[in-house]
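Worksheet for the structure shown next.
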Ligand code: PMT
């Protein structure tokens, strides 16, 4: 399986989970890491698609690849599954909300003197869904690179995610370190592969991080034969 002959699906940005017409739960992902990866992916394969949550439109202005906007984690799951085919590489740099409000009010929730309690339920785990589909349909020509945004026990949690989400590779960023993670122009990554390798990248621009991640994916694909 060659990267140049594969479809490359990159996800980036946050998702939004609305609880009334004007308010939502989200996170600080800017989409910069995802855009850098999609730019780099397009250099390898013209069949690149960037599925993104709500991000600054300026970041993707005039991009030559297909951009698919989504809003919620459920939308992101549907979009990823619609694009999944063989051979393909999925790079999950998006930061999907893990919880969504159980109910969405049709009207603006009026403030009162008391606290506001919003009950939340889990959103679908996109990578776990992809792993199940790969297994049940016997899809072998799919390479999945996940991300891990952690603040404590970073390596332990990343390796756990690599295994529990059946990934080929995971890119860990310690998002508590300055210059890494959310809404920065740089990142600091440690890549773990299913084959047991550990590759440390120093602080570098997200473009350079993306270039290195694509290089590691290419190496991973070549090891598959
Ligand atoms: O967008 P930027 O501002 O440039 O910031 C980049 C980034 C910090 C968002 C990016 O580098 C990053 O770490 N993305 C992953 C964020 C995240 O959701 O990490 P997580 O550890 O919570 O999730 C682990 C993996 O599961 C991720 O690949 C995530 O996309 C995926 N996931 C998460 C939730 C969910 N419901 N389904 C998923 O598949």
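Residue numbers (my numbering): 2 to 226. Cβ atoms here follow ideal geometry from the backbone N, Cα and C, with glycine treated the same way.
Applying the criterion that 16 or more other CB atoms from any shown protein chain within 10 Å of the CB defines a buried residue, is residue i buried or exposed?
i, result
"residue 80", "buried"
"residue 117", "exposed"
"residue 198", "exposed"
"residue 154", "exposed"
"residue 59", "exposed"
"residue 147", "buried"
"residue 74", "buried"
"residue 42", "buried"
"residue 176", "buried"
"residue 174", "buried"
With a threshold of 7 Å on Cβ separation, who are the neighbours of residue i within its own chain once the five nearest residues in sequence on each side are excluded?
i, result
"residue 217", "170, 192 and 200"
"residue 25", "17, 18 and 19"
To the nearest angstrom, how far is the alpha carbon of residue i from that of residue j?
i, j, result
"residue 88", "residue 54", "24 Å"
"residue 195", "residue 107", "45 Å"
"residue 127", "residue 7", "20 Å"
"residue 105", "residue 119", "10 Å"
"residue 4", "residue 129", "23 Å"
"residue 163", "residue 209", "23 Å"
"residue 219", "residue 9", "12 Å"
"residue 124", "residue 207", "28 Å"
"residue 160", "residue 150", "12 Å"
"residue 140", "residue 86", "9 Å"
"residue 213", "residue 152", "23 Å"
"residue 109", "residue 121", "18 Å"
CB-CB under 8 Å to residue i, same chain, minus the five flanking residues each way: which ones, in chain order?
i, result
"residue 2", "88, 142, 144, 222 and 225"
"residue 204", "180, 181, 187, 188 and 189"
What are the partner residues of residue i, as DSSP defines its beta bridges?
i, result
"residue 150", "174"
"residue 13", "53"
"residue 224", "Bridge partners of residue 224: none, in fact."
"residue 96", "15"
"residue 101", "122"
For residue i, which residues in the same chain have their Cβ closer than 6 Å to its Cβ, ignoring the five residues on either side in sequence?
i, result
"residue 167", "132"
"residue 38", "11, 92, 94 and 211"
"residue 82", "none"
"residue 84", "10 and 50"
"residue 156", "none"
"residue 30", "14, 15, 96 and 183"
Is it true that the stretch 4 to 21 meets the stretch 91 to 106, where meeting means three or more beta-carbon pairs spaced less than 8 Å apart? yes
Just checking, does the stretch 111 to 119 make contact with the stretch 129 to 138 on the three C-beta pairs under 8 Å criterion? no
Hey, is the stretch 177 to 188 in contact with the stretch 29 to 36, meaning 3+ C-beta pairs nearer than 8 Å? yes
Can you confirm whether the stretch 42 to 53 touches the stretch 65 to 77 when touching is taken to mean that 3 or more C-beta pairs between the two stretches lie within less than 8 Å? yes
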